[in-house]
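Colleague: In this note's numbering, the protein residues as written are 1 to 353.
Right under this line is the structure:
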């Protein structure tokens, strides 16, 4: 059995679903269900006895300790995080609390549990911490991609809070011997992504005939990773990663944001054409966000060389699957666009036009 935290969110839910497609090993899924945590993501598991959902906070030490004592998992996989840069700019305190303080409490509970295991279980136990490439800062256009040895230079409250959590995880290995693994991934996209991130927002807005807001000149470059490829990489790191090591996970698909928006428009033009013309007519350039990093790029050579992992999806196949999923799941799309979501969009993009 494994304990997954944040398993009702975008990446966590995809991981849980993929895990149970490929394994009969049970999952305890702990999620506090913030705005981005959605039990509809896990609807397919409603009658699956291998999946136990627990509504709670990773910062609740008593709850986490009780779950560890009761279920005796062989691993903790920590997806739980506040993860959106724009939200961290508008309200950084939640990011400090969740990504730093609550991660510390999860580490403490995990360490106490691990310390009491028998020798074999102690040797086999893993604490896998899922992080982001944003901790490395911003690259110039001609600089080499981020390797695991790249210096941390976070530039937003979000990335700074994730950098702090990475450092805590590392410290718990070097100080206490806790068998940790850290993964730093590039920009994910795919099914069940909450429509505040670029890809999901563009698809949802386009289908509603709303403006497609592009920050600045749209030339900010990201490395794009299909979420199920990310999940397969995490499984592989859990299976064969060396405790104390960090593994960068990327899609080898660097693209400027405006190219992403145009790709989505092209796919929608083909799969759900408008009477009035191309979805490109909805593209609207808006004022850039403060401190917007210009480029992220992941060098995923280490995980391929040492663990034999590489992404299965190309940029073209992954984006086609993603657009098709949103087209095929209008009820899910409608349900996540609550009044709170609309209020946040108005607050974030107010005055940017």
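All C-beta atoms, glycine included, are put in the ideal place defined by N, C-alpha and C.
Helix, strand or coil for residue 290, going by three-state DSSP, please let me know.
Modeller: Residue 290: coil per DSSP, three-state reduction.
Colleague: Using the three-state DSSP reduction, which class does residue 131 fall into: helix, strand or coil?
Modeller: Of the three classes helix, strand and coil, the one that applies to residue 131 here is strand, per DSSP.
Colleague: Is it buried or exposed, residue 47, if we count other Cβ atoms within 10 angstroms and call 16 or more buried?
Modeller: Burial call: exposed.
Colleague: Please list, in chain order, all residues of the same chain as residue 134 whose beta carbon is under 6 Å from its beta carbon, the five residues on each side excluded.
Modeller: If we look at residue 134 and ignore the five residues flanking it on each side, its Cβ neighbours are 159.
Colleague: Evaluate residue 115 with the Cβ neighbour count: other Cβ atoms within 10 Å of its Cβ, from every protein chain shown; 16 or more gives buried, anything less gives exposed.
Modeller: Exposed, because fewer than 16 other Cβ atoms sit within 10 Å of the Cβ of residue 115.
Colleague: So, with DSSP's three-state summary, where would you put residue 114?
Modeller: In this structure, residue 114 counts as helix in the three-state DSSP scheme.
Colleague: Going residue by residue through the stretch 129 to 196, where are the continuous alpha helix (DSSP H) segments of at least 4 residues, counting only ones entirely within it?
Modeller: Listed in chain order, they are 157 to 176.
Colleague: For my contact list, residue 198 and residue 284 are in at a C-beta cut-off of 8 Å; report their separation, rounded to the angstrom.
Modeller: No, residue 198 and residue 284 are not in contact; Cβ-Cβ is about 14 Å, not under 8 Å.
Colleague: For residue 45 and residue 53, what's the separation of their Cα atoms in angstroms?
Modeller: Rounded to the nearest angstrom, the two C-alpha atoms are 10 Å apart.
Colleague: Taking a contact to mean a Cβ-Cβ separation below 7 Å, would you say residue 39 touches residue 13 in this structure?
Modeller: Contact flag unset, no.
Colleague: Okay, do the stretch 136 to 146 and the stretch 104 to 122 touch, 3+ Cβ pairs below 8 Å being the bar?
Modeller: The stretch 136 to 146 is not in contact with the stretch 104 to 122.
Colleague: Might you give, ordered along the chain, the residues of its own chain that have their beta carbon closer than 6 Å to the beta carbon of residue 72, omitting 5 neighbours on each side?
Modeller: Excluding sequence neighbours, residue 72 sits near nothing in its chain.
Colleague: So, residue 127 versus residue 90, is the Cβ gap smaller than 7 Å?
Modeller: The answer is no: Cβ separation not under 7 Å.
Colleague: Which stretch, first to last residue, makes up the alpha helix (DSSP H) that contains residue 120?
Modeller: Start and end: 119 to 124.
Colleague: Where does residue 225 land, buried or exposed, given buried means 16+ other C-beta within 10 angstroms?
Modeller: With 16 or more other Cβ atoms within 10 Å, it is buried.
Colleague: Can you name the start and end residues of the alpha helix (DSSP H) that residue 272 belongs to?
Modeller: Segment: none, residue 272 is in no alpha helix (DSSP H) and carries neither H nor E.
Colleague: Check residue 211 in the structure and name its three-state DSSP category.
Modeller: If DSSP states are grouped into helix, strand and coil, residue 211 belongs with coil.
Colleague: Counting contacts by CB-CB distance shorter than 7 Å, is residue 21 in contact with chain B?
Modeller: You won't find chain B in this structure, because it holds only one protein chain.
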